[in-house]
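*Asks:* The opening residue of the sequence shown carries number 4 in the working numbering; numbering runs sequentially from there.
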Amino acid sequence: MKGADTLICSDLNFNNEEPIYIQIENNIKEMIEKGRITSESKLPSSRELGKLLGVSRNSVISAYENLEANGYIYTLKGKGTFVAKRKSVSNRGFNVDWNSKRNNYGKTLEELDIIKTELVWKKGMISFKSIAPDETLFDTEEVKKGFLNRMSIEGNKLLNYGYAQGYKPLIELLLKYMKEKGAKIDNKDILITNGFTEGLDIVLATYTKPGDTIICENPTHNTAIKIMKSYGLKVIGVKMNSNGIDLEDLDLKLKENKVKMGYLIPSYHNPTGIVMDVEKRYKVYDIFKKYNVPIIEDGFNEELLYSSSHVLPLVALEGDGNSIIYIGSFSKILFPGIRLGFILGDKSLISTLESVKRGRTIHCSFLDQAIFYEYLNSGVFSKYIKKARKHYKEKYEFTLAKVKEYIPYEEVFGEGGLHLFIKLKDINARKVLDKSYEKGVVFTPGDIFYLDGSGRNTFRIGFSRLSDEEITEGIKLIGQSIEEVMEKESLD
Ligand SMILES: Cc1ncc(COP(=O)(O)O)c(C=O)c1O
Numbered sequence: 004m005k006g007a008d009t010l011i012c013s014d015l016n017f018n019n020e021e022p023i024y025i026q027i028e029n030n031i032k033e034m035i036e037k038g039r040i041t042s043e044s045k046l047p048s049s050r051e052l053g054k055l056l057g058v059s060r061n062s063v064i065s066a067y068e069n070l071e072a073n074g075y076i077y078t079l080k081g082k083g084t085f086v087a088k089r090k091s092v093s094n095r096g097f098n099v100d101w102n103s104k105r106n107n108y109g110k111t112l113e114e115l116d117i118i119k120t121e122l123v124w125k126k127g128m129i130s131f132k133s134i135a136p137d138e139t140l141f142d143t144e145e146v147k148k149g150f151l152n153r154m155s156i157e158g159n160k161l162l163n164y165g166y167a168q169g170y171k172p173l174i175e176l177l178l179k180y181m182k183e184k185g186a187k188i189d190n191k192d193i194l195i196t197n198g199f200t201e202g203l204d205i206v207l208a209t210y211t212k213p214g215d216t217i218i219c220e221n222p223t224h225n226t227a228i229k230i231m232k233s234y235g236l237k238v239i240g241v242k243m244n245s246n247g248i249d250l251e252d253l254d255l256k257l258k259e260n261k262v263k264m265g266y267l268i269p270s271y272h273n274p275t276g277i278v279m280d281v282e283k284r285y286k287v288y289d290i291f292k293k294y295n296v297p298i299i300e301d302g303f304n305e306e307l308l309y310s311s312s313h314v315l316p317l318v319a320l321e322g323d324g325n326s327i328i329y330i331g332s333f334s335k336i337l338f339p340g341i342r343l344g345f346i347l348g349d350k351s352l353i354s355t356l357e358s359v360k361r362g363r364t365i366h367c368s369f370l371d372q373a374i375f376y377e378y379l380n381s382g383v384f385s386k387y388i389k390k391a392r393k394h395y396k397e398k399y400e401f402t403l404a405k406v407k408e409y410i411p412y413e414e415v416f417g418e419g420g421l422h423l424f425i426k427l428k429d430i431n432a433r434k435v436l437d438k439s440y441e442k443g444v445v446f447t448p449g450d451i452f453y454l455d456g457s458g459r460n461t462f463r464i465g466f467s468r469l470s471d472e473e474i475t476e477g478i479k480l481i482g483q484s485i486e487e488v489m490e491k492e493s494l495d
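#1: Looking at K187: is its Cβ nearer than 8 Å to the Cβ of G322?
#2: Spatial neighbours of T275 within its chain, please: CB distance less than 6 Å, with the 5 preceding and 5 following residues excluded, ordered by chain position.
#3: Below 7 Å, is the gap between the Cβ of P339 and the nearest heavy atom of ligand 1?
#4: Among G247, E114 and L379, whose alpha-carbon lies nearest the alpha-carbon of G278?
#5: Once the 5 residues before and after L140 are set aside, which same chain residues still bring their CB inside 8 Å of it?
#6: Using 10 angstroms around the beta-carbon of I118, count the other beta-carbons present and answer buried if the total reaches 16, otherwise exposed.
#7: At what residue ranges does the segment 153-207 contain a whole run of the beta strand (DSSP E), taking only runs of 3 or more?
#8: Thinking C-beta only, is F446 closer than 8 Å to I474?
#9: DSSP three-state call for P136: helix, strand or coil?
#10: Going by the CB atoms, is the gap between F384 and Y378 shorter than 8 Å?
#11: Return yes when at least one heavy atom of ligand 1 lies under 7 Å from the C-beta of T364, else no.
#12: Out of R342, I365, G340 and S270, state which residue places its alpha-carbon closest to the alpha-carbon of L318.
#13: Quick check: is any heavy atom of ligand 1 less than 7 Å from the C-beta of G127?
#14: Where I174 and Q372 are concerned, what is the direct C-alpha to C-alpha distance, given to the nearest angstrom?
#15: State the start and end residues of the unbroken beta strand (DSSP E) segment that holds V99.
#16: For K45, write down the residues that DSSP places opposite it in a beta bridge.
#17: How long is the line joining the alpha carbons of M264 and E414, rounded to whole angstroms?
#18: Going by alpha carbons, who is nearest to Q26 out of L356, K442 and A66?
#19: So the alpha helix (DSSP H) F384 belongs to, where does it begin and stop?
#20: Beta-carbon distances below 6 Å to any heavy atom of ligand 1 define the shell here; list its residues in chain order, please.
#21: In chain order, which alpha helix (DSSP H) runs of at least 4 residues are fully inside the segment 423-455?
#22: DSSP has S326 in a bridge; who is on the other side?
#23: Locate the alpha helix (DSSP H) running through R363, then write down its first and last residues.
#24: So, for M243: in the same chain, excluding its five sequence neighbours on each side, which residues have a beta-carbon less than 6 Å away from its beta-carbon?
#25: Might you give, ordered along the chain, the residues of its own chain that have their beta carbon closer than 8 Å to the beta carbon of S48, omitting 5 neighbours on each side?
#26: Can you name the start and end residues of the beta strand (DSSP E) that I230 belongs to?
#27: Measure how close the beta-carbons of I365 and A167 come, nearest whole angstrom, since I'm counting them as under 8 Å.
#28: Taking just the CA atoms, how far does E486 sit from V406?
#29: May I have the straight-line CA-CA distance separating G302 from K335, to the nearest angstrom?
#30: Just the Cα atoms here: how many angstroms apart are K258 and S326?
#31: Cutting at 6 Å between CB atoms, please list the residues of its own chain near D254, excluding the five before and the five after it.
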């Protein structure tokens, strides 16, 4: 067998990326692990190896120190450095069938995880799946400035533990913001959450138990369905018409069932894009009031309202009442990547949720909250909103025109926001999706938003991140795919 010095030197070709001592260390480690240098063999002295490799002795000393700290080698004073005896770690492990150990919560969330089950976007495809904001609109420079500003003011504090309820200046700012939207905030408070999604999750985890009933629009936000089902809740869907939730059906279902809470998306409802008008908001609120059922209001898209004058959120309609749990999110207009949302609700509810938040994740990142606060407070936010609204309004109008030109729909829903919802006449949207996918276009089939397996003739088109050319090309191809499915069905 060759000596350790020859082996080490023959295998080592230094690169320029990693420090020399790391490369020496990794090389010796690999030789020991593969058994090429056996235990108890003597390694060359640091001076010798440095010479042989043409590197400084200090590099070898650092490598040997790390190897010794990790138990690969040991030094005997006056005798030299030796390879340590290593216990074999292979074949000592045992296997667990993790799938069979999943509880209902894990099983449900995995089974309903559409990212794993639906067709995925591949490079070069036109995707109408996303309803995320267009990141090219973000004022990245302003965010950078905000970051530097906050770090210089209170960087040390921000990097330490903060408060479960959230970053105080952000809470104050959001309370003011909601007051401007018409909400009475005297009896209310705010909890900062990891987006809308954590807001809904934490409310359901705290106020429901398996078997409870939630009432919501049918169709509704797929993530909300997933969370509600993961908690073992019974979810009842209320019919939707061209102008949103059907009031008679709502009244009937509230009368016939013992309902714990409602979940509603009044502005740019997902997936239909319908904005509930003010008159209807009052009627909906009064029906829930008649049956004494509190409402979780999803305010996610409110900032995008542009086609109509300001519409009051439900939380503004209740005045001094405390029956609405408003969950806000800026995810559709600003930085969904920093995952910030908030719950506005009764003070005692927020106090309970604050403890739950502390018990679960302690708090949301204080640094992110501070940057977000700085941005919202800097005055650039209102300019940005104007710019974003104008941009999405134009995109919406453009997409709608293309849908009218190329898609033989029965009905098209959506008054703005970042998506449109299309209902076809007796045509299976999944068959259209398969054909479109072959042509390099992907969209979201509508049935994933329904609670009763219906909606197979519907699909959602998200347009926020596509160029006009991609929108035109993609919608044309979807139109062609529909024609092909219709032709095939008439032949079958
Ligand atoms: C209905 C609805 N609510 C809320 C959200 C935002 O969730 P988050 O704030 O967790 O990103 C979305 C995102 O698609 C949505 O569709």
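Even glycine gets a Cβ: it sits at the ideal position worked out from N, Cα and C.
*Replies:* Reading it off the structure:
#1: The residue given as residue 187 occupies position 184 in the sequence shown. The residue given as residue 322 occupies position 319 in the sequence shown. In this structure, G322 lies closer than 8 Å to K187 by Cβ.
#2: Along the sequence shown, read from residue 1 onward, the residue named residue 275 stands at position 272. Within the same chain, T275 has close Cβ partners F416 and F424.
#3: Taking the first residue of the sequence shown as 1, we reach residue 339 at position 336. P339 Cβ: within cutoff of ligand 1.
#4: Here residue 278 corresponds to residue number 275 of the sequence shown, with the count starting at 1. Before going on, a small fix: residue 278 reads as Val here, not Gly. Among G247, E114 and L379, the Cα nearest to that of V278 is on G247.
#5: The residue given as residue 140 occupies position 137 in the sequence shown. If we look at L140 and ignore the five residues flanking it on each side, its Cβ neighbours are Y387, K390, A391 and H394.
#6: For the purposes of this step, residue 118 is taken as the residue at position 115 of the sequence shown. Label assigned to I118: exposed.
#7: 191-196
#8: Counted from its first residue, the sequence shown places residue 474 at position 471. Counted from its first residue, the sequence shown places residue 446 at position 443. The answer is no: Cβ separation not under 8 Å.
#9: Mapped onto the sequence shown, residue 136 falls at position 133. Three-state result, P136: coil.
#10: As a working note, residue 378 is residue 375 in the sequence shown. As a working note, residue 384 is residue 381 in the sequence shown. Yes, they are a contact pair.
#11: As a first step, residue 364 must be located in the sequence shown, where it is residue number 361. Not so, every heavy atom of ligand 1 lies at least 7 Å from the Cβ.
#12: For the purposes of this step, residue 318 is identified with residue 315 of the sequence shown, where counting begins at 1. Just to set this straight, residue 318 is Val in the shown sequence, not Leu. It is S270.
#13: Translated into the one-based positions of the sequence shown, residue 127 becomes position 124. G127 Cβ: outside cutoff for every heavy atom of ligand 1.
#14: If you number the sequence shown from 1, residue 174 lands on position 171. If you number the sequence shown from 1, residue 372 lands on position 369. About 10 Å.
#15: Working through the sequence shown from its first residue, we reach residue 99 at position 96. Here V99 belongs to no beta strand (DSSP E), and DSSP marks it neither H nor E.
#16: Here residue 45 refers to the residue found at position 42 when the sequence shown is read from its first residue. F85.
#17: Stepping through the sequence shown from its first residue, residue 264 is reached at position 261. Stepping through the sequence shown from its first residue, residue 414 is reached at position 411. Approximately 31 Å, taken between the alpha carbons.
#18: For the purposes of this step, residue 26 is identified with residue 23 of the sequence shown, where counting begins at 1. Minimum Cα distance to Q26 is reached at A66.
#19: The residue given as residue 384 occupies position 381 in the sequence shown. Note, F384: alpha helix (DSSP H), V383 to Y409.
#20: I134, G198, F199, T200, H224, I268, N273, D301, F303, S332, S334, P339 and G344
#21: 432-441
#22: Residue numbering aside, residue 326 sits at position 323 when the sequence shown is read from its first letter. DSSP output for S326 lists no bridge partner at all.
#23: Mapped onto the sequence shown, residue 363 falls at position 360. That run of the alpha helix (DSSP H) goes K350 to R363.
#24: Residue 243 sits at position 240 when you count from the first residue of the sequence shown. Cβ neighbours of M243 beyond the five flanking positions: E220.
#25: Against the sequence shown, residue 48 aligns to sequence position 45. Result list for S48: G83 and T84, in chain order.
#26: As a first step, residue 230 must be located in the sequence shown, where it is residue number 227. From DSSP, I230 is part of no beta strand (DSSP E) but of the alpha helix (DSSP H) over N225 to S233.
#27: Stepping through the sequence shown from its first residue, residue 365 is reached at position 362. Stepping through the sequence shown from its first residue, residue 167 is reached at position 164. That belief holds up - the Cβ atoms of I365 and A167 are roughly 6 Å apart, short of 8 Å.
#28: Walking along the sequence shown from the start, residue 406 turns up at place 403. Walking along the sequence shown from the start, residue 486 turns up at place 483. Between V406 and E486, the C-alpha separation is close to 14 Å.
#29: On the sequence shown, position 299 is the one that residue 302 refers to. On the sequence shown, position 332 is the one that residue 335 refers to. Rounded to whole angstroms, G302 to K335 spans 11 Å at the Cα level.
#30: Residue numbering aside, residue 258 sits at position 255 when the sequence shown is read from its first letter. Residue numbering aside, residue 326 sits at position 323 when the sequence shown is read from its first letter. Roughly 18 Å between the two C-alpha positions.
#31: As a position in the sequence shown, residue 254 is number 251, starting the count at 1. Same-chain partners within the cutoff: I290.
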